[in-house]
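Comments concern the structure below.
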Amino acid sequence: MTFDIVSGVILIAAVCVFVFSIYQLGMILIPRYMGGKEYDEIKDLAVTADGDGAGFSVDFDALLDINPDTVAWIRFDEPSIINYPVVKSADNEEYLTQTFSENDNTLGSIFMDMNNHDDFSDKNTIIYGHHLNVSPDMFSRLHLYEDEEFCQEHPDFYIYTPSGEVRTYTVFMAGIVHATAGNYQIEFESDEEFEEYLEMCRESSNYQVDVELDPESQIVTLSTCTGDRRDERFLLQGVLTAVD
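Take 2 as the starting number for the sequence shown in the working numbering and just add one per residue.
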């Protein structure tokens, strides 16, 4: 009799733990599913492209009607699955937990640093996005560039702007840095300081890429969490190699 009671208590406890675990998992997965669905709808509304990705264009009027904070669209070739609008706020906190359509969601948005100019005219433009352990959304797939071979196969990413520019960036740095690393510098007092900065970025990369960098270079720094340590970030940096 005593054994049956103990067994029953253990069974009830196990069921409670199971139900609570399912609840917690649902609280994580459901918002991410809804956020992913929202971004799919935005792509359907604003993006035109052929089946192979050729002829890619963005309807920025449609995007600006939804969110006037729109400053760009970022796209990677498959299989990176990075294909999102970019916004900019008066701070670097708002879009951590708010989607492009301004709904509260843990996916957040892809957003430009508040200290950058909207037109990508800075020496270094920083763009942030979340890394999600249970989803490929947002900047989760940036980590594919930890592998040098993957970078060689997919060396470029693209920034589309409301002015009609298509800006092609070639990756020259991929690696894990401290959250306060010098890679996050935006303003430079001289060409020499910028050249020293570029060399520091190269040295912090997992591998070296044969692409030209000089005092006239303009770069984009893509930043996401590592999913392991709160004080670490994974960075992917690309230098502007074409403007169409």
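Glycine included, each C-beta is placed from N, C-alpha and C at the ideal position.
Whole angstroms is fine: what's the gap from Gly130's alpha carbon to Ser206's?
-> As a position in the sequence shown, residue 130 is number 129, starting the count at 1. As a position in the sequence shown, residue 206 is number 205, starting the count at 1. A straight-line Cα-Cα distance of about 19 angstroms links Gly130 and Ser206.
Close beta carbons around Ile23, own chain, < 7 angstroms, minus the five adjacent residues each side | Against the sequence shown, residue 23 aligns to sequence position 22. Confidence at Ile23 is low in this model, with a pLDDT of 38, below 50, so the placement of that residue should be treated as unreliable; the coordinate-derived value is given next. Nothing listed; no residue qualifies.
For Glu243, count neighbouring C-beta atoms within 10 Å of its own C-beta (all shown protein chains included) and say buried if the count is 16 or more, exposed if not.
-> Translated into positions along the sequence shown, residue 243 becomes position 242. Residue identity differs from the one stated: residue 243 is Ala in this sequence, not Glu. With fewer than 16 Cβ atoms within 10 Å of its Cβ, Ala243 is classed as exposed.
Under the assumption that Thr162 contacts Ala73 (Cβ atoms under 8 angstroms), give the Cβ distance between them as a whole number of angstroms.
-> For the purposes of this step, residue 162 is identified with residue 161 of the sequence shown, where counting begins at 1. For the purposes of this step, residue 73 is identified with residue 72 of the sequence shown, where counting begins at 1. Right, their Cβ atoms sit about 5 angstroms apart.
Alpha helix (DSSP H) containing Gln238: first to last residue?
-> Taking the first residue of the sequence shown as position 1, residue 238 is located at position 237. Where Gln238 is concerned, there is no enclosing alpha helix (DSSP H), although the beta strand (DSSP E) it sits in stretches over Glu233 to Val244.
Would you give the residue range spanned by the beta strand (DSSP E) that Glu177 belongs to?
-> As a working note, residue 177 is residue 176 in the sequence shown. The amino acid occupying residue 177 in the given sequence is Ile; Glu does not appear at that position. Counting along the chain, the beta strand (DSSP E) containing Ile177 begins and ends at Val167 to His179.
For Phe189 and Phe61, the rounded distance between their alpha carbons = Residue numbering aside, residue 61 sits at position 60 when the sequence shown is read from its first letter. Residue numbering aside, residue 189 sits at position 188 when the sequence shown is read from its first letter. Rounded to whole angstroms, Phe61 to Phe189 spans 31 angstroms at the Cα level.
Alpha carbon to alpha carbon, how far is Ala276 from Lys124?
-> The structure shown does not extend to residue 276, since the chain spans only 2 to 245, so no value can be given for it.
For the stretch 46-114, list the beta strand (DSSP E) runs that are entirely contained and at least 3 residues long, ordered along the chain.
-> Segments of the beta strand (DSSP E) lying fully in the stretch 46-114: 71-77, 84-89 and 111-113.
When the Cα atoms are used, what is the spatial distance from Ala175 to His155?
-> Locating residue 175 in the sequence shown gives position 174, counting from the first residue. Locating residue 155 in the sequence shown gives position 154, counting from the first residue. Cα to Cα, the separation comes out at about 13 angstroms.
Closest to Leu265 by CA distance: which of Met115, Ile128, Asn104 and Pro80 is it?
-> Lying before the first or after the last residue shown, residue 265 is absent from the chain, which here runs from 2 to 245.
What is the rounded straight-line gap between the Cα of His132 and the Cα of Ser81?
-> Here the question's residue 132 lines up with position 131 in the sequence shown. Here the question's residue 81 lines up with position 80 in the sequence shown. A straight line joining the alpha-carbon of His132 with that of Ser81 spans about 13 angstroms.
Near His179, which residues of its chain fall below 7 angstroms by C-beta distance, leaving aside the five closest residues on each side in sequence?
-> Residue mapping note: residue 179 aligns to position 178 of the sequence shown, counting from 1. If we look at His179 and ignore the five residues flanking it on each side, its Cβ neighbours are Asp232 and Glu233.
Please check the pair Ile83 and Phe140, which I expect to be a contact at CB under 8 angstroms, by giving their CB distance rounded to whole angstroms.
-> As a first step, residue 83 is located in the sequence shown; it is residue number 82 there, counting from the start. As a first step, residue 140 is located in the sequence shown; it is residue number 139 there, counting from the start. The pair is a contact, with the Cβ atoms about 7 angstroms apart (cut-off 8 angstroms).
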